Amino acid sequence: MNLHDVLITPGARRSFRQELSPERLDHPSVLSFLSLPVGEGEIENTAGVLTLHGSIRSLLRCRCDRCAGEFDRPVDIPLEVTLAAELEDEESPDFYLLEGDELDLEDLLETSFILETDTRFLCREDCTGLCPRCGADLTLGPCGCKKEKDPRLAVLEQLLDDKD
Ligand SMILES: [Zn+2]
Ligand SMILES: [Zn+2]
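Structure (structure tokens):
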């Protein structure tokens with residue numbers, strides 16, 4: 037995307053809409069994209085500083101990292117990025133480097149998407165996962181396997197008992 041006009045005109049704006057290609061967003065916990073990720077927003081020149089704001093939206097069909105159950109995860113990633121000709125902090129996701137007048141919008145959006153999805157994929161926050169013994173889904177209730185006591189915990193309990 038060439039930003040020459042926006043770069044030289046304080047107050048100028050340019051809106052964008054970019055679909056991301058799912059092949060490049062490969063993630064082991066994402067089974068499919070129910071709606072393709074789309075980045076939408078605006079690039080604005082505020083007193084000579086370019087900022088990009090908008091969001092990336094998508095709907096993912098995922099596999100839970102704990103119980104392996106399938107679930108849908110809506111994604112709405114806010115974008116607030118300063119577009120800079122030089123970077124002081126290469127690691128910061130709040131800044132993105134321009135190549136002259138050119139912005140690699142697809143790369144910027146892909147990077148934001150990948151950073152945002154670099155988390156655990158859980159069907160629910162308190163998913164307890166599967167019993168390591170019988171494989172039952174513990175979210176649905178206890179499975180009946182006898183709980184094995186952690187030996188360290190047993191020692192601690194003993195210490196607490198002695199205190200009383
Ligand atoms: Zn789960
Ligand atoms: Zn069990």
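Mapping to our numbering: the sequence shown position 5 is 41, numbers consecutive.
Cβ coordinates follow ideal geometry from the N, Cα and C atoms, glycine included.
Model, not experiment: these values are computed from the prediction.
The region 135-150 in contact with the region 102-119 per 3-pair CB rule at 8 Å: yes
message: Less than 7 Å between the beta carbons of T164 and T118, yes or no?
response: Contact: no.
query: Is H63 helix, strand or coil by DSSP?
result: coil
- prompt: Between the beta-carbon of C170 and the beta-carbon of C159, is there less than 7 Å?
  reply: no
field: Range of the contiguous beta strand (DSSP E) that encloses T87
entry: That run of the beta strand (DSSP E) goes 85-99.
field: Local conformation of L166 per DSSP, three classes
entry: strand
field: Buried versus exposed, by CB contacts within 10 Å (16 or more), S94
entry: buried
message: Tell me the rounded alpha-carbon separation between D101 and L67.
response: 12 Å
query: What does a CB cutoff of less than 8 Å around V85 pick up in its chain, not counting 5 residues either side in sequence?
result: T118
- prompt: How about S51 and E80: are their beta carbons less than 7 Å apart?
  reply: no
task: Compare the Cα-Cα distances from R109 to each of S128, F157, D143 and report the closest residue.
output: F157
query: alpha helix (DSSP H) containing E152: first to last residue?
result: Run containing E152: 141-152, per the alpha helix (DSSP H) assignment.
- request: Classify A120 as helix, strand or coil using the three-state DSSP reduction.
  value: strand
- prompt: With 16 as the cutoff for other CB atoms within 10 Å, does V42 come out buried or exposed?
  reply: buried
- prompt: Can you tell me whether DSSP reads T82 as helix, strand or coil?
  reply: Residue state for T82 is assigned as strand, using DSSP reduced to three classes.
field: Contacting residues, own chain, Cβ-Cβ under 8 Å from V74 (five flanking each side not counted)
entry: R53, Q54, E55, L56, I92, R93, S94, listed in sequence order.
field: Selected residue, minimal CA-CA separation from P58, among F107, E142, C179, T175
entry: E142
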